[in-house]
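Read through the structure below, which is laid out as structure tokens, and then see the notes.
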Amino acid sequence: MIAAWLTKAAKPVIIVLLLILAAFVLGLLTIKTVNGMIGDAVTRTVAERNAFWTAGIEAANTKVAEAEARQARYALDLERDTNAKLDALRIRKEELETLNASLPNGGDCGLGRDRVRLLPH
Numbered sequence: 001m002i003a004a005w006l007t008k009a010a011k012p013v014i015i016v017l018l019l020i021l022a023a024f025v026l027g028l029l030t031i032k033t034v035n036g037m038i039g040d041a042v043t044r045t046v047a048e049r050n051a052f053w054t055a056g057i058e059a060a061n062t063k064v065a066e067a068e069a070r071q072a073r074y075a076l077d078l079e080r081d082t083n084a085k086l087d088a089l090r091i092r093k094e095e096l097e098t099l100n101a102s103l104p105n106g107g108d109c110g111l112g113r114d115r116v117r118l119l120p121h
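Quick note: the sequence shown uses the UniProt record's numbering, first residue 1, plus one each step.
Structure representation (structure tokens):
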């Protein structure tokens, strides 16, 4: 009789404990699902942020590369122009030396009228 009474009295307690256990298990599953959703959101956000900054860095690198190429072309153009001017000056100097050497009285001291004409104005 005591056993029957304990079984009868324990039955609601066991049911309540089973309901509490079921609620606990469902709560854990809910937490796991929410954590998974948060993890997915974090992963997606990190990927988006990385893609954004990667694109920005690539754009900046492209601009820098273009600027470096422009500078290199400009330097080559300057070098070509400078070499052309130097060649022209070298040729002019040789012409003036030839003209100066062809003048009479090359050993005289001072400048004659013909030599003064060779000087730039």
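Glycine included, each C-beta is placed from N, C-alpha and C at the ideal position.
Between residue i and residue j, how many whole angstroms is the CB-CB distance? I'm expecting something under 8 angstroms.
| i | j | result |
| --- | --- | --- |
| leucine 118 | leucine 96 | 6 angstroms |
Can you check whether the CB of residue j is closer than 8 angstroms to the CB of residue i?
| i | j | result |
| --- | --- | --- |
| arginine 113 | leucine 103 | no |
Return the CA-CA distance between residue i and residue j, expressed in angstroms with no decimal places.
| i | j | result |
| --- | --- | --- |
| glutamate 48 | valine 42 | 10 angstroms |
| glutamine 71 | alanine 65 | 10 angstroms |
| alanine 55 | arginine 44 | 16 angstroms |
| leucine 26 | lysine 32 | 10 angstroms |
| glutamate 58 | leucine 76 | 27 angstroms |
| threonine 98 | lysine 85 | 20 angstroms |
| isoleucine 20 | valine 46 | 38 angstroms |
| lysine 93 | lysine 63 | 44 angstroms |
| asparagine 83 | alanine 67 | 24 angstroms |
| valine 13 | phenylalanine 24 | 16 angstroms |
| glycine 36 | alanine 22 | 21 angstroms |
| aspartate 81 | alanine 69 | 18 angstroms |
Using C-beta distances below 7 angstroms, list every residue in its chain close to residue i, excluding the 5 sequence neighbours before and after it, in chain order.
| i | result |
| --- | --- |
| threonine 30 | none |
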